[in-house]
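Notes for the one structure printed next.
In our numbering, the protein residues as written are 18 to 909.
What follows is the structure in structure tokens.
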């Protein structure tokens, strides 16, 4: 082993090999049997380590540890990862730039050079989360929504434009360009980096959990919290445990009427049941050859929903075909192919001799996949379309669990009449009130988008329509989608059914669905109805899509239109018609569903390289409003004390050069006692600001009217709003309260209060806070404010049964201790009420995975495991957080 290690270290220091005119590290030339057995995703990690070897963070031993993956993946071996680039979206990008601006101020205050706070790798920020569906079902919807977006967010956009000038290596993609992950896939992705005539694999981390979508093109990338991304931008390697890699073997071909959405919902449920949190999933097998890059990207996009770090598809012939289709140059294609083949990272899915070794293998026969949805509250709760009617009825009956609504039997047939535009209608449980074709998951895939268009065309020809009160919308992921929908002739039919283009951004998928009409809202509230949203997105957590749609289902774009026409989810498409045609005949879904041959022919004709080239040639100059913004100059940001959008955060105001003293937690109070599957949407919602909330009271005190509140997502540059918005989700269930409400109980007084107000009272009493939680705490979006907000409320530890990967990293990044109950234990088994006081002694020699004792005020005690997984994470904790560590490192 020593000889191999020495040989490998020597190989790293030489760059004799070429790919065309370019040099590259030849990791494969060692003819190591171990290299040939490595999963392809691990080969990318190895290439990254080799590229950065002999630096201060990546050593020869790290390269050897990755090369010996087959043995080390069982041993919790720590490795560094240096991604080639970082990608941001504006909801998470604004707080990142705010932090950078504040760090420059802190460096200057402490006597350092503020210019050191600057991205060292390429950073792209795509503004895609700000636009809302304020106007829909109108030919002017796009123009009006974009105008309202700009008027609401002008201050944020000015700040971001300052950042693009003040920081090197940072590019801003203006609003109206598309969804970050689709723009990344179609335009920003390199696959192979060419830096000063030196080649290495493209790899990326992003401040959005669905950064994994890029895995579909053969690029290793995943979502991290904004805090961790900022450290990467400043040159800090990601410290991670060498992951296990689950091989997911695909065989067979999908059936005639099955979409890529159906495939991904099936895979999501399967992998969530298996348990892949913290692992890589790598797809292989002959079935992969039948999937387009868009199909693979759809599967990779949903990686956060099945819990893995990545869902990876290595580079193959389809990757090259996609690069050509999206307008990349022939030189780029030749370079990608030559590099991938030379380094043995080019995949032949049909040849089992190229299959690597995996930690374990699971299998799916694609021919077994059936048309599906997921819901009503979680993306991994797949339901077959054929079972949907019965499943929703069961959800109404069920009082417990993640699918239950507990509607009494005598109220399940409730119908509420209302008037809309002079017409009489009725709403009942299961009525569809939002139908949105949205999100990078599906709008990046021409097959399902054209499928929706062809279905709409056939429906209109037969005289079917959508009830006017249903809020329908189409928000493409890039201008390319608009282009091929128009050229293929389906746009008029989509518009006839109400699916007008409303904007280029995430919109409904992230809760920017805008308001429902007043008559619809009043009817839902009057009948306490379980109204439904159907969307082609990737998330449907409680309270995310709209406060009044208690049930939300993820579906393919064609199914979104089908359910919009039906007007309810209480329909069996096999036995019940969608409607009556203009000549009086019953029309079933099978009558208008497009065939695979139809789709392939239309896609072949209309999805062409010229579209991509034309759309992306206008990326930097295509938004006149953005171009007209005159942002301030200067290295340091001129903070406006009156601003309600951009505020100097408090994270570094009192930090000193020296490490803070370690403080144990004594008699800490429990702020919240939570159950399983608490998402980052529950912790830090992105949607509308309720008029009675602490955040609303704060904004009102600043002279703002409710119509000016905007959303929590748009206010992430203001810590005062975000601290008040933490745990403000109306669907949060706190055991202290016993029902869904953003409330908690203060102890020992027993007063029921808004959560922020309770945290403030505890602060006045000088008490630290902890949170008790169940399984999968922090699942969902990679929201740094889901860690920053609790930190600002005084939370210094979270005790849960398990953590979702990104959120645990965010907690570490803020200096909050993630603690886990020992196996088989939880708050119930330990009979914890949350009314006790908690003392946690933190030793000076704290170690990764150490067991600590938690002492209760009633004399009992129990043990917890510290979820600092690497020594680097311990270093961050000792510094009070990752950004504090980066500041001290730069001062040193």
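In this text, a Cβ means the ideal position worked out from N, Cα and C, and glycines have one as well.
Check whether residue i and residue j have beta carbons under 8 Å apart
i, j, result
"residue 821", "residue 838", "no"
"residue 222", "residue 249", "yes"
"residue 61", "residue 102", "no"
"residue 304", "residue 268", "yes"
"residue 53", "residue 517", "no"
"residue 569", "residue 587", "no"
"residue 826", "residue 241", "yes"
"residue 243", "residue 113", "yes"
"residue 750", "residue 787", "no"
"residue 295", "residue 260", "yes"
"residue 580", "residue 469", "no"
"residue 275", "residue 388", "yes"
"residue 442", "residue 474", "no"
"residue 712", "residue 789", "no"
"residue 682", "residue 813", "yes"
"residue 146", "residue 527", "yes"
"residue 264", "residue 316", "no"
"residue 311", "residue 464", "yes"
"residue 245", "residue 795", "no"
"residue 629", "residue 505", "no"
Endpoints, the alpha helix (DSSP H) within which residue i is located
i, result
"residue 894", "888 to 895"
"residue 77", "77 to 84"
"residue 57", "57 to 68"
"residue 123", "107 to 126"
"residue 97", "Careful: residue 97 lies outside any alpha helix (DSSP H), inside the beta strand (DSSP E) at 95 to 98."
"residue 970", "Limits of the chain in this structure are 18 at one end and 909 at the other, which puts residue 970 out of reach."
"residue 315", "310 to 318"
"residue 722", "Element bounds for residue 722: n/a, residue is neither H nor E."
Three-state secondary structure assigned by DSSP to residue i
i, result
"residue 346", "coil"
"residue 409", "helix"
"residue 149", "coil"
"residue 26", "Low confidence applies to residue 26: its pLDDT is 38, below 50, so where it sits in the model is not reliable, and the reading given next is rough at best. Residue 26: helix per DSSP, three-state reduction."
"residue 18", "Note that residue 18 scores 21 on pLDDT, short of 50, meaning its location in the model is unreliable; the coordinates nonetheless yield the value given after this. The answer is coil: DSSP assigns residue 18 none of H, G, I, E or B."
"residue 789", "strand"
"residue 453", "strand"
"residue 908", "helix"
"residue 291", "helix"
"residue 144", "coil"
"residue 335", "helix"
"residue 727", "coil"
"residue 597", "strand"
"residue 618", "helix"
"residue 32", "For residue 32, the predicted structure reports a pLDDT of 38, less than 50, and the residue's modelled location is therefore unreliable. A value from the coordinates is still provided. Looking at residue 32 - three-state DSSP - the assignment turns out to be coil, as it is neither helix nor strand."
"residue 478", "helix"
"residue 493", "coil"
"residue 247", "helix"
Beta strand (DSSP E) segment containing residue i, residue limits
i, result
"residue 682", "682 to 690"
"residue 838", "834 to 838"
"residue 440", "440 to 445"
"residue 431", "Here residue 431 belongs to no beta strand (DSSP E), and DSSP marks it neither H nor E."
Cβ of residue i within 8 Å of any chain B Cβ
i, result
"residue 822", "Judged by its chain identifiers, the structure shown contains no chain B, having just a single protein chain."
message: Going residue by residue through the region 507 to 555, where are the continuous beta strand (DSSP E) segments of at least 3 residues, counting only ones entirely within it?
response: Secondary structure remark: continuous beta strand (DSSP E) runs of at least 3 residues inside the region 507 to 555, in chain order: 549 to 552.
message: Extract the residue ranges of the beta strand (DSSP E) inside the region 637 to 718, only unbroken runs of 3 or more that lie entirely within it.
response: Segments of the beta strand (DSSP E) lying fully in the region 637 to 718: 682 to 690.
field: Meets three-Cβ-pair contact criterion under 8 Å: the region 223 to 236 and the region 108 to 118
entry: Yes, the region 223 to 236 is in contact with the region 108 to 118.
query: Is it a yes or a no for the region 721 to 728 touching the region 690 to 701, going by three-plus beta-carbon pairs under 8 Å?
result: Not touching, per the Cβ criterion.
- prompt: Below 8 Å, can you find three or more Cβ-Cβ pairs linking the region 362 to 382 to the region 332 to 339?
  reply: With the cut-off at 8 Å, the region 362 to 382 and the region 332 to 339 touch.
Touching by the beta-carbon criterion (3+ pairs, under 8 Å), the region 478 to 497 and the region 507 to 515: Because the criterion of three Cβ pairs below 8 Å is met, the region 478 to 497 and the region 507 to 515 touch.
message: With a threshold of 8 Å, are at least 3 pairs of Cβ atoms found where one atom belongs to the region 731 to 750 and the other to the region 186 to 201?
response: Touching, no.
query: Any contact of the region 706 to 718 with the region 519 to 534, i.e. 3+ C-beta pairs under 8 Å?
result: The region 706 to 718 vs the region 519 to 534: no contact.
field: Secondary structure, alpha helix (DSSP H): runs of 4+ residues fully inside the region 752 to 790
entry: Entirely contained in the region 752 to 790, the alpha helix (DSSP H) runs reaching 4 residues are, in chain order, 772 to 781.
- prompt: Is the number of C-beta pairs between the region 888 to 906 and the region 665 to 681 that are closer than 8 Å three or more?
  reply: Contact holds between the region 888 to 906 and the region 665 to 681, because three or more Cβ pairs, one in each stretch, are under 8 Å apart.
query: With contact counted as at least three CB pairs below 8 Å, one residue from each stretch, are the region 423 to 443 and the region 315 to 330 in contact?
result: No contact exists between the region 423 to 443 and the region 315 to 330.
The region 836 to 853 touching the region 869 to 879, judged by at least three CB pairs closer than 8 Å: Contact holds: three or more Cβ-Cβ distances are below 8 Å.
field: Sufficient close CB pairs (3 or more, under 8 Å) joining the region 280 to 300 to the region 583 to 597
entry: Inter-segment contact for the region 280 to 300 and the region 583 to 597 is absent: fewer than three beta-carbon pairs are separated by less than 8 Å.
query: Is the region 337 to 352 touching the region 372 to 391 in the sense that three or more CB pairs, one from each, lie closer than 8 Å?
result: No contact exists between the region 372 to 391 and the region 337 to 352.
- prompt: On the three-pair Cβ rule with 8 Å, is the region 156 to 171 touching the region 124 to 136?
  reply: Segments in contact, no.
message: Using a Cβ distance threshold of 8 Å, determine whether the region 488 to 495 contacts the region 604 to 612, with at least three qualifying pairs required.
response: With the rule of 3 Cβ pairs closer than 8 Å, the region 488 to 495 does not count as touching the region 604 to 612.
query: Would the region 454 to 464 and the region 195 to 203 be scored as touching if the rule is three or more Cβ pairs under 8 Å?
result: Result yes; three or more Cβ-Cβ pairs closer than 8 Å.
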